[in-house]
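Colleague: Read top to bottom, the protein sequences are chains A and B.
Take the first sequence: its letter number 346 is residue 444 in the working numbering, and every next letter is one higher.
Take the second sequence: its letter number 123 is residue 164 in the working numbering, and every next letter is one higher.
Take this structure, written in structure tokens, and hold onto it; I'll ask about it next.
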Amino acid sequence: MIPAAGGFTAGARSRLLPASVPLRYFGAAVLFHALAWAVLLAYPEELARFASFGGLGPGLAALHLVTLGVLAMTAVGATLQLLPVATRQAVRSVAAAKLVWWLLALGVALFAAGAAAYRPQLLGAGGTAVVVALGIYGWLLYENLRHARGMRAVVAHGWGALAALALLAASGLALVAHYEHGLALERGAFAAAHLVLAAYGFMGLLALGLSQFLLPMFAVSPAPSAGSALAALAAAGSAILVSLGALASGSRLLLACAAGLGVAAAAAHVVAMERALRRRLRPQLGPAFVLVRVAWACLLASVVLATLISLSWAPPRAAALFGVLLVPGWLLTFLLAVLQRIVPFLASVHAGGRGRGAPLVSSFTPERPLAAHRFLHLVALALLLVAAASGADVLVRLAAAAGLAGALAYGTFFVQVLARLKE
Amino acid sequence: MDFERQISRRLHEEHVATLELWARVEQTIGKRDAALEALLGRCAAALADEVARHFDFEEHELFPRLTDAGEGDIAELLTEEHDVIRSAATQFQDLCHGLRTGSLDALGWQRLRVSALELAERLVAHVQKEEMSLLPALEDLLDEETDSQLALAYAS
Numbered sequence: 099m100i101p102a103a104g105g106f107t108a109g110a111r112s113r114l115l116p117a118s119v120p121l122r123y124f125g126a127a128v129l130f131h132a133l134a135w136a137v138l139l140a141y142p143e144e145l146a147r148f149a150s151f152g153g154l155g156p157g158l159a160a161l162h163l164v165t166l167g168v169l170a171m172t173a174v175g176a177t178l179q180l181l182p183v184a185t186r187q188a189v190r191s192v193a194a195a196k197l198v199w200w201l202l203a204l205g206v207a208l209f210a211a212g213a214a215a216y217r218p219q220l221l222g223a224g225g226t227a228v229v230v231a232l233g234i235y236g237w238l239l240y241e242n243l244r245h246a247r248g249m250r251a252v253v254a255h256g257w258g259a260l261a262a263l264a265l266l267a268a269s270g271l272a273l274v275a276h277y278e279h280g281l282a283l284e285r286g287a288f289a290a291a292h293l294v295l296a297a298y299g300f301m302g303l304l305a306l307g308l309s310q311f312l313l314p315m316f317a318v319s320p321a322p323s324a325g326s327a328l329a330a331l332a333a334a335g336s337a338i339l340v341s342l343g344a345l346a347s348g349s350r351l352l353l354a355c356a357a358g359l360g361v362a363a364a365a366a367h368v369v370a371m372e373r374a375l376r377r378r379l380r381p382q383l384g385p386a387f388v389l390v391r392v393a394w395a396c397l398l399a400s401v402v403l404a405t406l407i408s409l410s411w412a413p414p415r416a417a418a419l420f421g422v423l424l425v426p427g428w429l430l431t432f433l434l435a436v437l438q439r440i441v442p443f444l445a446s447v448h449a450g451g452r453g454r455g456a457p458l459v460s461s462f463t464p465e466r467p468l469a470a471h472r473f474l475h476l477v478a479l480a481l482l483l484v485a486a487a488s489g490a491d492v493l494v495r496l497a498a499a500a501g502l503a504g505a506l507a508y509g510t511f512f513v514q515v516l517a518r519l520k521e
Numbered sequence: 042m043d044f045e046r047q048i049s050r051r052l053h054e055e056h057v058a059t060l061e062l063w064a065r066v067e068q069t070i071g072k073r074d075a076a077l078e079a080l081l082g083r084c085a086a087a088l089a090d091e092v093a094r095h096f097d098f099e100e101h102e103l104f105p106r107l108t109d110a111g112e113g114d115i116a117e118l119l120t121e122e123h124d125v126i127r128s129a130a131t132q133f134q135d136l137c138h139g140l141r142t143g144s145l146d147a148l149g150w151q152r153l154r155v156s157a158l159e160l161a162e163r164l165v166a167h168v169q170k171e172e173m174s175l176l177p178a179l180e181d182l183l184d185e186e187t188d189s190q191l192a193l194a195y196a197s
């Protein structure tokens, strides 16, 4: 069976959110994307400093502008729209979906400002707003998954992501309390657990789960088997749990085992997806898949590097390199690839439905800004990887400049789609 | 997913054939030659015959069953798309007729190319929707006896 765009529309018009709801999430993500690169451009030395020592500062701000402002913002917006249709469920509450956006957007802005300005109170207020937003979102996700019909593998990934989200929020609040109120905790271990839960848990499992039907839909190929998807999920879930145990016990050997399981999970996912894509019915995949494959390469490299780090075999500055592979390399690149296919599709669906059929998706896909973004994003990523490995701040600045230019190109794409939708 | 119902398998086979045919159009539309003109002729014939028959069968035999089963949204959306594709197909077939009779000028050829690419995109999107929504719904909806009757009716 070929997962298809119609999965979202057919049988689903009554399950569509108003266009303004998902698009406000994607618009905020586009804005925070540019802000994240701008912060790194202004403070290039923060990449190495934050990777080595952590703590408040522009590095923390830039990281969370990406993770919360772009990744979580898009993931929440996309799943609020896509999951009710994919799982044949009604949208629980449009008002709640809007409230989550307000809290999340405000929370991210406050959190980033507080981190960049070394003001823990602001950071705390922002973190609290984000946790409340994600709590409401978690409830919406729980209600959807609880009544879900079909899409077994996607639903299983959703449960995994939801569990990770709960632990992620708890560890995030603990870290904020550490900065704001001096709560005593093992900051390094908590920060590492927070990173694992956010990047491989919540965001990672959502990305793996939604890939099961989104990518075959885009490529017009059969979906991977539920068995292969669930096997990859089991390996990923085990990797996350073992890594949490390793961080709690301080066992490097256990951490290496977790990373090894992560390598197996990532490899199983990529192999299953590539096998499915090889059976596609249309020869051309589309340029977004260049970004998808780069993202997969970064995912695999991140877990291999994590294994080397846990075995103390990693090269110098491996922590910064790992962070670049994981966040902008895997998650951001993958998300921007998927978003450039989802936004035109949603716009096409919302522009149709007036008894004259949906307009062509290609009419909502301005190619030039997307091509410019693709080039600039890949240049930024390559420069950032070299910069992280070499510790050269000037390369970080160049990477951030390219990334910012790419983010502006992506913003142009988004604005052009909105303008076309209003015609 | 392997479809268990005969009618789902038959519709799926026709979807694959449609995708293959129109993928060839998308790949070769840039260069006008005898092979492309022959391919466009086959597309026009397929639209008039297989695709029209496929649409009619769905609208008369399958969509009412979907509506009765509470999946009227699917039927409504797919019917709308059928109408849009039929309209685009009529224009494409007229242009192909001009091509066949030698009355198509350069502007007409340009319009034919645009029309072919639009149809390719619409048909691919439509097939995606039916594969994702219609065929799984039929798997749930039809019992063995009804499935056999429908398959026989479609084959005859």
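For each residue, glycine too, the CB sits at the ideal point set by N, CA and C.
Please return the same chain residues whose Cβ sits closer than 7 Å to the Cβ of residue 136 of chain A, not counting the five positions on each side in sequence.
Modeller: Working through the first sequence from its first residue, we reach residue 136 of chain A at position 38. Closer than 7 Å at the Cβ level, and outside the excluded window around residue 136 of chain A, lie 502.
Colleague: May I have the straight-line CA-CA distance separating residue 415 of chain A from residue 121 of chain A, to the nearest angstrom?
Modeller: Indexing the first sequence from 1 puts residue 415 of chain A at position 317. Indexing the first sequence from 1 puts residue 121 of chain A at position 23. About 38 Å.
Colleague: Excluding the 5 residues flanking residue 100 of chain A on each side, which residues of the same chain have their C-beta closer than 8 Å to its C-beta?
Modeller: To locate residue 100 of chain A, count along the first sequence from 1; it is residue 2. Confidence is the limiting factor: at residue 100 of chain A the pLDDT is only 39, short of 50, which leaves the residue's position unreliable and the question unanswerable from this model.
Colleague: Buried or exposed for residue 153 of chain B, please, with buried defined as at least 16 other CB atoms from any protein chain shown within 10 angstroms of its CB.
Modeller: Locating residue 153 of chain B in the second sequence gives position 112, where the first residue counts as 1. It is buried - the Cβ of residue 153 of chain B has at least 16 other Cβ atoms within 10 Å.
Colleague: Classify residue 523 of chain A: buried if its beta carbon has 16 or more other beta carbons within 10 angstroms, exposed otherwise.
Modeller: What the structure shows of chain A is the stretch from 99 to 521, and residue 523 of chain A is not part of that stretch, so it cannot be assessed.
Colleague: With a threshold of 9 Å between beta carbons, is residue 47 of chain B in contact with chain A?
Modeller: For the purposes of this step, residue 47 of chain B is taken as residue 6 along the second sequence, with counting starting at 1. For residue 47 of chain B, the answer is no, since every Cβ of chain A falls outside 9 Å of its Cβ.
Colleague: In whole angstroms, what separates the C-alpha of residue 304 of chain A from that of residue 290 of chain A?
Modeller: For the purposes of this step, residue 304 of chain A is taken as residue 206 along the first sequence, with counting starting at 1. For the purposes of this step, residue 290 of chain A is taken as residue 192 along the first sequence, with counting starting at 1. Straight-line Cα distance between these residues: approximately 20 Å.
Colleague: Please return the same chain residues whose Cβ sits closer than 6 Å to the Cβ of residue 187 of chain A, not counting the five positions on each side in sequence.
Modeller: Residue numbering aside, residue 187 of chain A sits at position 89 when the first sequence is read from its first letter. Cβ within range, chain order: 242 and 245.
Colleague: Applying the 10 Å Cβ sphere with the 16-neighbour rule, what's the burial state of residue 169 of chain B?
Modeller: Walking along the second sequence from the start, residue 169 of chain B turns up at place 128. Counting Cβ neighbours within 10 Å, residue 169 of chain B comes out buried, since at least 16 surround it.
Colleague: So, under 8 Å CB-CB, residue 78 of chain B and residue 140 of chain B are touching, yes? Tell me the CB distance rounded to an integer number of Å.
Modeller: Counted from its first residue, the second sequence places residue 78 of chain B at position 37. Counted from its first residue, the second sequence places residue 140 of chain B at position 99. Confirmed, Cβ separation roughly 6 Å.
Colleague: If we ignore side chains and look at the alpha-carbon of each, how far apart do residue 463 of chain A and residue 520 of chain A end up?
Modeller: For the purposes of this step, residue 463 of chain A is taken as the residue at position 365 of the first sequence. For the purposes of this step, residue 520 of chain A is taken as the residue at position 422 of the first sequence. Distance between the alpha carbons of residue 463 of chain A and residue 520 of chain A is about 15 Å.
Colleague: Run through DSSP, which three-state label would residue 184 of chain B get?
Modeller: Stepping through the second sequence from its first residue, residue 184 of chain B is reached at position 143. If DSSP states are grouped into helix, strand and coil, residue 184 of chain B belongs with coil.
Colleague: For chain A, find out if any of its Cβ atoms is closer than 9 Å to the Cβ of residue 163 of chain B; answer yes or no.
Modeller: Counting from one through the second sequence, the residue named residue 163 of chain B turns up at place 122. Cβ-Cβ to chain A under 9 Å: yes for residue 163 of chain B.
Colleague: If you draw a straight line from the alpha carbon of residue 218 of chain A to that of residue 335 of chain A, how long is it in whole angstroms?
Modeller: Against the first sequence, residue 218 of chain A aligns to sequence position 120. Against the first sequence, residue 335 of chain A aligns to sequence position 237. Looking at the two C-alpha atoms, the distance is approximately 33 Å.
Colleague: If we count the other Cβ atoms within 10 Å of its Cβ and call it buried at 16 or more, is residue 131 of chain B buried or exposed?
Modeller: Locating residue 131 of chain B in the second sequence gives position 90, where the first residue counts as 1. Classification of residue 131 of chain B: exposed, given that the 10 Å Cβ count is below 16.
Colleague: Could you name the residues of the segment 301 to 319 of chain A whose beta carbon sits closer than 7 Å to any beta carbon of chain B, in the order they occur along the chain?
Modeller: 315 and 318
Colleague: In terms of residue numbering, what span does the alpha helix (DSSP H) encompassing residue 386 of chain A cover?
Modeller: Your numbering for residue 386 of chain A matches position 288 in the first sequence. Start and end: 386 to 408.
Colleague: What do you get for residue 382 of chain A, buried or exposed, if any count of 16 or more other CB atoms within 10 angstroms of its CB means buried?
Modeller: Along the first sequence, one-based indexing puts residue 382 of chain A at 284. Burial is judged here by how many other beta carbons sit within 10 angstroms of a residue's own beta carbon; residue 382 of chain A has fewer than 16 and is exposed.
Colleague: How many angstroms separate the CA atom of residue 88 of chain B from the CA atom of residue 162 of chain B?
Modeller: In the second sequence, the residue the question calls residue 88 of chain B occupies position 47. In the second sequence, the residue the question calls residue 162 of chain B occupies position 121. Using only the alpha carbons, I get a separation of about 14 Å.
Colleague: By Cβ distance below 6 Å, which residues in the same chain neighbour residue 48 of chain B in space, the five residues on each side in sequence not counted?
Modeller: The sequence position of residue 48 of chain B within the second sequence is 7, counting from 1. The residues are 188, 191 and 192.
Colleague: In terms of residue numbering, what span does the alpha helix (DSSP H) encompassing residue 61 of chain B cover?
Modeller: The count along the second sequence starts at 1 and reaches residue 61 of chain B at position 20. Residues 47 to 69.
Colleague: How would you label residue 171 of chain B, buried or exposed, when you count the other beta carbons within 10 angstroms and need 16 or more for buried?
Modeller: Indexing the second sequence from 1 puts residue 171 of chain B at position 130. Buried is the call here.
Colleague: Give the range of the alpha helix (DSSP H) segment to which residue 423 of chain A is assigned.
Modeller: One-based indexing of the first sequence puts residue 423 of chain A at position 325. Looking at the DSSP string, residue 423 of chain A is not in any alpha helix (DSSP H), and its letter there is neither H nor E.
Colleague: In chain B, which residues lie less than 9 Å from residue 533 of chain A when you measure between Cβ atoms?
Modeller: Past the boundaries of the shown model lies residue 533 of chain A; chain A is included only from 99 to 521, so the question cannot be answered.
Colleague: Return the chain-ordered ranges of every beta strand (DSSP E) run that is complete within the segment 118 to 155 of chain B and spans a minimum of 3 residues.
Modeller: none
Colleague: Residue 54 of chain B to residue 180 of chain B, Cα distance in whole Å?
Modeller: Working through the second sequence from its first residue, we reach residue 54 of chain B at position 13. Working through the second sequence from its first residue, we reach residue 180 of chain B at position 139. Their Cα atoms are separated by approximately 15 Å.
Colleague: Compute the Euclidean distance between the alpha carbons of residue 204 of chain A and residue 123 of chain A, then round it to the nearest angstrom.
Modeller: The residue labelled residue 204 of chain A in the question sits at position 106 within the first sequence. The residue labelled residue 123 of chain A in the question sits at position 25 within the first sequence. If you take the alpha carbons of residue 204 of chain A and residue 123 of chain A, they lie about 12 Å apart.
Colleague: Verify the CB distance criterion: does residue 327 of chain A have a CB-CB separation below 9 Å to chain B?
Modeller: Translated into positions along the first sequence, residue 327 of chain A becomes position 229. Residue 327 of chain A does not count as touching chain B.
Colleague: Taking 9 Å as the CB-CB cut-off, is residue 57 of chain B touching chain A?
Modeller: The residue labelled residue 57 of chain B in the question sits at position 16 within the second sequence. True, the Cβ-Cβ gap to chain A drops below 9 Å.
Colleague: Confirm, please, whether the CB-CB distance from residue 239 of chain A to residue 256 of chain A is below 9 Å.
Modeller: Mapped onto the first sequence, residue 256 of chain A falls at position 158. Mapped onto the first sequence, residue 239 of chain A falls at position 141. It is a contact, given that the beta carbons lie within the stated cut-off.
Colleague: My assumption, with CB atoms under 8 Å, is that residue 134 of chain B sits in contact with residue 85 of chain B. Please give the rounded CB distance.
Modeller: Translated into positions along the second sequence, residue 134 of chain B becomes position 93. Translated into positions along the second sequence, residue 85 of chain B becomes position 44. Contact flag correct, Cβ pair sits at about 5 Å.
Colleague: Quick check: is the beta carbon of residue 91 of chain B nearer than 9 Å to any beta carbon in chain A?
Modeller: Translated into positions along the second sequence, residue 91 of chain B becomes position 50. Closer than 9 Å: no.
Colleague: Can you name the start and end residues of the alpha helix (DSSP H) that residue 411 of chain A belongs to?
Modeller: If you number the first sequence from 1, residue 411 of chain A lands on position 313. Taken as a continuous stretch (DSSP letters only), residue 411 of chain A belongs to no alpha helix (DSSP H), as it is neither H nor E.
Colleague: Should residue 67 of chain B be flagged as near chain A, meaning a C-beta pair shorter than 9 Å?
Modeller: By one-based count along the second sequence, residue 67 of chain B stands at place 26. At least one chain A Cβ lies under 9 Å of residue 67 of chain B.
Colleague: For the alpha helix (DSSP H) that residue 318 of chain A lies in, which residues bound it at each end?
Modeller: Counting from 1 along the first sequence, the entry for residue 318 of chain A is found at position 220. Element bounds for residue 318 of chain A: n/a, residue is neither H nor E.
Colleague: Over what stretch of residues does the alpha helix (DSSP H) that includes residue 298 of chain A continue unbroken?
Modeller: Indexing the first sequence from 1 puts residue 298 of chain A at position 200. The continuous stretches of alpha helix (DSSP H) do not include residue 298 of chain A, and DSSP gives it neither H nor E.
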